Structure formats: C-alpha cells, structure tokens
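Visitor: Take 585 as the starting number for the sequence shown in our numbering and just add one per residue. Beta carbons are placed, not taken as given, at the ideal position from N, Cα and C, and that holds for glycine. Predicted model, so just to flag it, every value in this text is computed and none were measured.
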Amino acid sequence: MDLQILDMAGARPEHSTVIVNFVAAIRKQLKSSTCYVFSDNVQYKWKTKDGEEKIVIPDASINCRVKTRKGNTFLDIPRLVMEVLSPSTEKYDRGDKMELYRQQEIDEYWIVDWQKKQIEVYNLDYDENKEPQYYLWDIITEDNKEKLKIVHFPHIKITFDEVFDEVDLEY
Numbered sequence: 585m586d587l588q589i590l591d592m593a594g595a596r597p598e599h600s601t602v603i604v605n606f607v608a609a610i611r612k613q614l615k616s617s618t619c620y621v622f623s624d625n626v627q628y629k630w631k632t633k634d635g636e637e638k639i640v641i642p643d644a645s646i647n648c649r650v651k652t653r654k655g656n657t658f659l660d661i662p663r664l665v666m667e668v669l670s671p672s673t674e675k676y677d678r679g680d681k682m683e684l685y686r687q688q689e690i691d692e693y694w695i696v697d698w699q700k701k702q703i704e705v706y707n708l709d710y711d712e713n714k715e716p717q718y719y720l721w722d723i724i725t726e727d728n729k730e731k732l733k734i735v736h737f738p739h740i741k742i743t744f745d746e747v748f749d750e751v752d753l754e755y
C-alpha cells in the first residue's frame with residue numbers, strides 16, 4: 585500500500601467553518617433518506633486503475649453507500665465530495681485528489697475557496713471514449729450566488745450565504 589503522509593499546518597478556522605456550514609445545511613435534509621453527509625472525520629479506501637490502494641479523507645462528502653465500511657473507512661464511493669482549499673492542499677486537491685475522484689467516478693466535486701468566496705462545481709460525465717471526465721458546471725461567486733445547487737441532489741437546498749456564513753475575511 586502506497587500511503588503518503590503530508591506535513592500540513594492546522595487548518596484555519598475559516599476552512600473548518602465552511603465544512604461545518606456545508607454539513608449543517610445538508611444534514612437535516614437527508615434525515616429520512618439512505619444518504620448521509622460527513623465532514624472530514626471519515627476516510628475512503630479505493631484501488632486505482634493501476635491496482636494501487638489509496639486512502640483519502642475529503643473535507644465533506646455525501647454518501648449513499650454507507651454499508652460497505654470498516655470502522656470509519658468507507659470502501660465504496662460517495663456521490664459528492666467537497667474540498668476546501670488551503671495553501672498546503674490546493675495543488676493536491678486540484679491534481680492527484682481530483683484525478684482519484686475522477687477515476688472512482690464520483691458524480692460531483694466541489695472545490696471551495698474561502699478566501700475568494702468561490703465554489704467551483706464539477707460534474708462527472710463521459711467523453712466520446714466513454715472515459716469519465718470532470719466538466720466545470722459553474723463557478724459560483726457573490727455575483728451569481730443564486731445559481732448554487734447540488735447538481736446530483738436537486739431536492740437539497742443550500743445557499744452561497746450558508747456555505748460562507750461566519751467566514752470572516754478581515755484579518
């Protein structure tokens with residue numbers, strides 16, 4: 585197993601606030617369903633196309649396949665993953681992690697930049713060779729915040745202001 589330990593400084597409070605806000609906004613709406621929302625306290629273990637075993641801990645995820653797990657490790661894929669950028673993780677979140685999510689065919693991937701107050705929403709689809717690809721559905725900012733939605737869960741309501749509630753940009 586190829587595990588990589590990254591030496592990262594603790595996340596800023598704003599990073600954690602975005603995660604908590606997302607989970608709080610979604611949790612009650614999923615209460616009577618078979619899906620659950622998780623913060624960064626669960627991990628997923630998958631095999632890559634090369635047969636390599638990878639463990640990843642997303643900042644937040646919506647998972648409807650929660651029966652295949654060992655302890656706090658899920659062995660199946662979530663439907664949505666959200667990563668909140670920080671200087672120490674941005675390259676990984678946009679690179680290797682995004683590629684792993686694509687290979688696992690996770691339906692929707694959000695990249696949240698709390699400093700820019702911006703949400704990139706990627707939707708998984710298949711190219712002409714039937715290979716899974718992420719396509720940028722939209723970049724949500726203050727200017728178009730009414731467009732924010734979870735593409736694969738249209739019945740769930742979440743607002744831009746909820747995601748960034750109490751994220752103070754004044755230092």
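1. When we look at the beta-carbon of Lys741 and count the other beta-carbons within 10 Å, is it buried (16 or more) or exposed?
2. Considering only residues of the segment 669-714, which uninterrupted alpha helix (DSSP H) runs meet the minimum length of 4 residues and lie entirely inside it, listed in chain order?
3. Look at the Cβ atom of Asn656, then the Cβ atom of Gln627, and state whether they are nearer than 8 Å.
4. Touching or not, the segment 687-698 and the segment 706-720, by the rule of three or more beta carbon pairs under 8 Å?
5. For Asp727, write down the residues that DSSP places opposite it in a beta bridge.
6. Buried or exposed: which applies to Pro662, given that a residue is buried once 16 or more other Cβ atoms fall within 10 Å of its Cβ?
7. May I have the straight-line CA-CA distance separating Thr601 from Lys631, to the nearest angstrom?
8. Tell me whether Thr618 sits in a helix, a strand or coil according to DSSP, three-state version.
9. Across which residues does DSSP place Pro716 in a beta bridge pair?
10. If you follow the beta strand (DSSP E) that Val640 is in, where does it begin and where does it stop?
11. Indicate whether the contact test is met: 3 or more Cβ pairs, each with one atom in the segment 633-641 and one in the segment 605-616, closer than 8 Å.
12. Between Arg611 and Ser670, how many whole angstroms is the CB-CB distance? I'm expecting something under 8 Å.
13. Could you tell me the alpha carbon to alpha carbon distance between Gly679 and His739, rounded to whole angstroms?
Guide: Quick answer:
1. As a position in the sequence shown, residue 741 is number 157, starting the count at 1. Lys741 should be labelled exposed.
2. Every alpha helix (DSSP H) stretch that sits fully inside the segment 669-714 and reaches 4 residues is listed by chain position as 674-678 and 680-688.
3. Sequence index remark: in the sequence shown, residue 656 carries index 72 (1-based). Sequence index remark: in the sequence shown, residue 627 carries index 43 (1-based). In contact: Asn656 and Gln627 (Cβ atoms closer than 8 Å).
4. Contact between the segment 687-698 and the segment 706-720 is present, because at least three Cβ pairs lie under 8 Å.
5. The sequence position of residue 727 within the sequence shown is 143, counting from 1. The partner list for Asp727 (beta bridge, DSSP) is empty, contrary to what the question assumes.
6. Counted from its first residue, the sequence shown places residue 662 at position 78. Buried: at least 16 other Cβ atoms inside 10 Å.
7. What you label residue 601 is simply residue 17 of the sequence shown in a count that begins at 1. What you label residue 631 is simply residue 47 of the sequence shown in a count that begins at 1. Each residue's alpha carbon lies about 31 Å from the other.
8. Residue 618 sits at position 34 when you count from the first residue of the sequence shown. Assignment of Thr618 by DSSP, reduced to helix, strand and coil, places it in the coil class.
9. Mapped onto the sequence shown, residue 716 falls at position 132. According to DSSP, which records beta bridges pairwise, Pro716 is partnered with Tyr710.
10. Mapped onto the sequence shown, residue 640 falls at position 56. Element bounds for Val640: Glu637 to Val640.
11. Cβ pair count under 8 Å is below three, so no.
12. Stepping through the sequence shown from its first residue, residue 611 is reached at position 27. Stepping through the sequence shown from its first residue, residue 670 is reached at position 86. Between Arg611 and Ser670 a beta carbon distance of about 23 Å is seen, past the 8 Å cut, so the two are scored as non-contacting.
13. The residue labelled residue 679 in the question sits at position 95 within the sequence shown. The residue labelled residue 739 in the question sits at position 155 within the sequence shown. Between Gly679 and His739, the C-alpha separation is close to 30 Å.
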